[in-house]
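Remarks on the structure that follows.
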Amino acid sequence: MSQLRIIISGGGTGGHIFPAIAIADAIKALRPDTEILFVGAEGRMEMEKVPQAGYKIIGLKIAGLQRRLTVKNLGFPFKLISSLIKARKIVKDFKPDAAVGVGGYASGPLLRSANRLKIPTLIQEQNSYPGITNKILGKSARKICVAYQGMEKFFAADKLILTGNPIRKGIDEKLNQREEAIQFFGLDLKKKTVLVIGGSLGARTINDSIAGMVDSFPEDGQVQMIWQTGKQGVDTAERALSSGTSCIKAMAFIQKMDLAYAAADVIVSRAGAMSISELCLVGKPAILVPSPNVSEDHQTKNAMALVNSNAAIMVKDIKAREELKSVLFKLLDESSTQSTLADNIKKLSYPLAAQQIAAEVIALVEK
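Residue numbers (numbering that gives the first Met the number 0): 0 to 366.
Following this line, the structure appears as structure tokens:
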């Protein structure tokens with residue numbers, strides 16, 4: 000059996016990068032001799048995270064088209080043309096057996112070039128409402144792996160495979176180790192723990208909302224918090240916690256997410272595709288605050304898919320500063336609601352998503 004050569008393209012946020020790496024790891028587990036090349040966008044986080052995971056990556060000078068009027072859009076056509084030219088050269092030089100797109104700026108030029116050169120392509124659509132790029136790429140893709148039911152509204156039904164979203168390796172390995180997790184974060188075993196995660200880049204509305212309720216977490220109270228602020232939220236957290244409190248642990252980025260999930264009783268999160276997939280696997284009651292600053296408002300659609308299954312609570316971003324505190328403390332007081340949400344969200348998990356997508360990629364080549 001000959002060596003496989005696979006290109007994986009996409010990135011921009013952790014929600015694209017970590018699933019891409021999970022797929023690559025799963026392909027290598029099935030076919031260890033596979034050569035995998037990543038293609039990302041220059042200056043984005045994939046250019047750092049992918050090499051850290053042990054894979055080679057080439058960057059394209061591509062960026063998204065801004066939705067508001069800005070001078071940055073003037074350079075978009077030139078970046079797109081140069082990226083298409085470079086993507087075509089990458090495909091011709093690497094000679095992949097298949098190309099996989101996970102979303103993000105670079106996946107468009109790369110998969111378009113692969114399709115034109117008759118390389119079989121597979122798309123991994125993470126959201127319940129696909130973006131324009133994947134809608135276009137889906138017309139030429141051989142297979143489309145999705146995370147939600149009902150995606151035949153957007154893609155040809157015979158191409159769809161319901162796999163769920165791949166998640167970071169080991170995210171659920173410590174779920175039964177609450178004592179270890181609480182000790183790791185220097186918290187109190189007797190208190191309920193709220194985990195706040197705004198995504199890899201942080202979330203201003205969530206950070207502002209939490210900053211406004213810091214006084215509701217007294218040292219002698221029954222609730223404590225692990226607060227991931229993102230780099231942009233560090234100053235907000237420092238100002239809110241300037242008086243000092245040991246029951247709120249704030250940090251820009253949580254390195255040990257497995258322990259953070261293990262420590263949590265209730266989770267407050269954005270509704271990005273990867274975040275929701277991790278929440279489903281973890282099976283903890285969650286309050287979702289979808290970001291409004293995403294294409295097609297897909298985070299709200301992701302969140303509503305859970306809300307409609309009684310698997311999560313949603314607070315709109317525009318109302319979070321006024322409502323998040325009351326919704327959070329109401330949920331903390333209602334153990335039966337917590338149990339219901341936890342049971343229902345767990346039913347929506349796909350623990351073998353990466354392995355199933357990897358098997359589809361390999362089958363695409365063998366066919």
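Using N, Cα and C, we set each Cβ at its ideal position, and we do this for glycine too.
Counting along the chain, residue 295 sits inside no beta strand (DSSP E), nor does DSSP assign it H or E at all. Look at the beta carbons and you see the stretch 203-211 touching the stretch 308-325: at least three pairs across the two are nearer than 8 Å.
Along the length of the stretch 91-175, whole beta strand (DSSP E) runs at least 3 residues long occupy 97-100, 120-124, 142-145 and 159-161, reported in chain order.
Where residue 326 is concerned, the enclosing alpha helix (DSSP H) starts and stops at 319-332. DSSP places residue 276 in no beta strand (DSSP E) but in the uninterrupted alpha helix (DSSP H) bounded by 272-281. With distances taken between CA atoms, residue 226 lies nearest to 249 out of 249, 141, 236 and 217. Within its own chain, the residues whose Cβ lies closer than 7 Å to the Cβ of residue 174, once the five positions on either side in sequence are excluded, are 260, 261 and 281, listed in chain order. Residue environment for residue 39: buried (at least 16 other C-beta atoms within 10 angstroms of its C-beta). Residue 227 is bridged by DSSP to 196 and 250. If you draw a 10 Å sphere on the C-beta of residue 124, you find 16 or more other C-beta atoms in it, and that means buried. Following the DSSP letters along the chain, one finds residue 363 in no beta strand (DSSP E) but inside the alpha helix (DSSP H) bounded by residues 352-365. Of all C-beta pairs linking the stretch 209-221 to the stretch 230-248, three or more are shorter than 8 Å, placing the two stretches in contact. A straight line joining the alpha-carbon of residue 176 with that of residue 187 spans about 14 Å. When DSSP states are grouped into helix, strand and coil, residue 4 belongs to the strand group. Counting every other CB atom within 10 Å of its CB across the protein chains shown gives residue 96 a total of 16 or more, marking it as buried. In the assembly as shown, residue 29 is an exposed residue. Its beta-carbon has fewer than 16 other beta-carbons within 10 Å.
The Cβ-Cβ distance between residue 129 and residue 153 falls below 8 Å.
In this structure the stretch 343-351 lies against the stretch 155-164, because at least three pairs of beta carbons, one per stretch, are closer than 8 Å.
Cβ neighbours of residue 140 within its own chain (closer than 7 Å, five residues either side excluded): 120, 121, 122 and 158. Between residue 222 and residue 331, the C-beta spacing is below 8 Å. Apart from the 5 residues on each side of it in sequence, residue 299 sits with its Cβ closer than 6 Å to the Cβ of 289 in its chain, given in chain order.
Following the DSSP letters along the chain, one finds residue 208 inside the alpha helix (DSSP H) bounded by residues 203-210. Taking 8 Å as the cut-off, the Cβ atoms of residue 25 and residue 362 do not count as close. Only residues of its own chain outside the window of five on either side were considered, and among them none has a CB closer than 6 Å to the CB of residue 339. Residue state for residue 10 is assigned as coil, using DSSP reduced to three classes.
When DSSP states are grouped into helix, strand and coil, residue 188 belongs to the coil group. Beyond the five residues adjoining it in sequence on each side, residue 90 comes within less than 6 Å, by CB distance, of 112, 113 and 116 in the same chain, given in chain order. A direct Cα-to-Cα measurement between residue 308 and residue 279 gives close to 12 Å.
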